[in-house]
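Here the sequence shown stands for residues 1315 to 1755, where the numbers follow this note's numbering.
Cβ coordinates follow ideal geometry from the N, Cα and C atoms, glycine included.
Just so we're clear, the structure is a prediction, and the values are computed from it rather than from any experiment.
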Amino acid sequence: MSRPPAPAAATPPPAPAERRRPGGLLRQRDFRMLWIGETTSAFGSTLTGVALPLVAVTTLGAGTFTVALLTAATWLPWLVVGLPAGAWIDRLPRRPVMLACDLASLLLLLSVPVAAWIGMLTITHLLAVALLAGVSTVFFQTAYHVYLPTVVDAADLPEANAKLQGSESAAQVAGPGAAGLAAQALGAVSGLLADAATFLVSALCLMAVKAREKPVERARRATSLRTEIGAGLRFVVRDPYLRVLTAFGAASNLALTGYQAILVVFLVREVGVGPGVVGGLIAATGLGGVAGAALAPWIGRRLGTARALLTCLLCGSPAGLLIPLARPGAGLAFMVAGGLVVSAAVVAGNVIKGSFRQVYCPRPMLGRITVSMQFLNYGTIPLGALLGGTLGTALGTRPTMWIMTGMAAVSALVLLAGPIRRHRDLPAAPPGHGHEPAGAR
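Shown next as structure tokens:
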């Protein structure tokens, strides 16, 4: 306790090029299985993100606020069960938790087309599915973030996160287009059948992963959930890097979800395009995420991870102001251009932040720290959805799009309030556990 704290250590450089074989991590069987499963699941999730609002709008005639409520229900579990989920994940083996979540999501999504076929589908049913699927997502995502360092070495985490984020972004390109085409040709509920199947594929891939986790120490199991939750929250609140990243995530997600929750309604009723075009437009914007994931490791090496994070988010966020300019015909290019840049910036930032957190945080606390950050980051998502739906109902969808994209444009300024702006690279360990980052000023 008497030892003076040392400055934070720099993020370790990537492994030398000569140690890399063609194909990189995809040559490792365990990571390949995890990657295939996650990619398939991400594809299904993007189908749901478009299919559920389309079912609500085209099949049940839902209004703007009801559609936004679906988004809110999906993310509300982060506020309700997020914190205890992190403590539970730190106590339990993660792969069985992820398998149980895949099975639950499979059954939930199958219930929607079944209810539609027998004429019993209601908005209440859709809301219940969105809410319970959200609970499953809380546990799955928390377990996944903690499980990944078991499958790959610390030096490979940037590549692993880039590949996973890249495939997720590629799924966001294909998924909305597939959902829109399915809704156009067969009806909106058809996309949910494909989504359900993807969770089965994800489960089978997880079962094929051979990496095994170390058992949780008995001393950890003996402590109360309340104590463990408090330890995770205190770590985030007291750490200067995690604190500012959490504040930024909360502000950014509030704004981004505010316009995304009403985007389908805006495109269908304000701009006047059909379900197939809606899927195609959202898919086109997802190409930005593919580019952002592919470029994030390179940008991090060239600029430094701290500078790359600031550059991507400060420069990319204002592009969302192009989206409310969308008009029929050539005016749709505004929506695509704005969405492309925002998607690239957000995904690149997620790759950098995710790799940083997995290296920086103490492994025994990683689940609690991750979910403590996501409690606030994702906790604002249902609030953003409700805000977007309320403003959309009161003011109209286009004015609301201007308000929410404007908020997103300035949200990245939060990052300038912390120590990130003073360094070239994000640290590899909390202050007091290393040495000064290279290039720090």
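Give the range of the alpha helix (DSSP H) segment to which residue i is assigned.
i	result
P1611	P1589 to L1617
D1404	G1396 to R1405
K1667	L1646 to Y1674
T1373	Here T1373 belongs to no alpha helix (DSSP H), and DSSP marks it neither H nor E.
A1387	T1378 to W1389
I1432	No alpha helix (DSSP H) holds I1432; DSSP gives it neither H nor E.
Which residues in the same chain as residue i place their Cβ atom closer than 8 Å to its Cβ, once the five residues preceding and following it in sequence are excluded?
i	result
P1336	Bear in mind that the predicted position of P1336 carries a pLDDT of just 43, short of 50, making it unreliable; the figure below should be weighed with that in mind. Within the same chain, P1336 has no close Cβ partners at all.
T1707	G1377, T1378 and F1379
S1355	D1416, T1512, F1513, V1515 and S1516
Considering only the alpha carbon of each residue, which of the options lies closest to residue i?
i	options	result
G1594	V1364, A1356 and R1346	V1364
Y1458	M1412, L1422, P1678 and A1474	M1412
L1586	G1433, A1640, D1509 and V1661	Per the sequence shown, the amino acid found at residue 1586 is Gly instead of Leu. With distances taken between Cα atoms, G1586 lies closest to A1640.
I1576	W1431, R1736, R1343 and T1704	T1704
Ignore the nearest five residues each way along the sequence and tell me which others in residue i's own chain have a CB closer than 6 Å to its CB.
i	result
T1694	A1564, N1567 and L1568
L1556	V1550
P1407	E1527
A1533	Confidence at A1533 is low in this model, with a pLDDT of 47, below 50, so its placement is unreliable and the value that follows should be read with caution. Excluding residues within five positions, none has a Cβ falling inside 6 Å.
G1614	A1622 and I1666
G1572	G1698, L1701, G1702 and M1718
Among residues of its own chain, excluding the 5 on either side of residue i, which ones have a beta-carbon nearer than 7 Å to its beta-carbon?
i	result
R1291	Residue coverage of the chain in this structure runs from 1315 to 1755, which leaves residue 1291 outside it and unanswerable.
L1547	S1686
E1542	A1401, D1404 and R1682
S1450	C1415, A1418 and S1419
A1370	A1376, T1380, V1381, L1384, I1437 and L1440
A1444	L1366, L1384, A1387 and T1388
A1610	A1476, A1662, V1665 and I1666
Quick check: residue i and residue j, are their CB atoms within less than 8 Å of each other?
i	j	result
P1427	L1507	yes
A1793	V1465	In the structure displayed, the chain extends from 1315 to 1755; residue 1793 sits before or after that span and is not available.
A1558	L1368	Here residue 1558 is Val; the residue named in the question, Ala, does not match the sequence. No.
G1448	A1399	no
F1562	A1726	yes
P1446	L1422	Just to set this straight, residue 1446 is Leu in the shown sequence, not Pro. Yes, Cβ-Cβ distance for L1446 and L1422 is below 8 Å.
T1353	S1481	yes
F1689	G1396	yes
G1602	G1653	yes
T1719	P1642	no
L1520	R1409	yes
E1523	L1348	First, the residue type needs correcting, since residue 1523 is Val and not Glu in the sequence shown. Yes, they are a contact pair.
G1606	A1662	yes
V1656	A1633	yes
D1553	P1744	yes
L1624	R1735	yes
Shorter than 8 Å from the beta carbon of residue i to some beta carbon of chain C?
i	result
L1393	Checking the listed chains, one finds no chain C in this structure; it contains a single protein chain.
Which runs of the beta strand (DSSP E), 3 residues or longer, sit entirely within the segment 1548 to 1582? none
Suppose only complete runs of 4+ residues qualify. What are the alpha helix (DSSP H) ranges in the segment 1679 to 1753, listed by chain order? 1680 to 1691, 1694 to 1709 and 1711 to 1725
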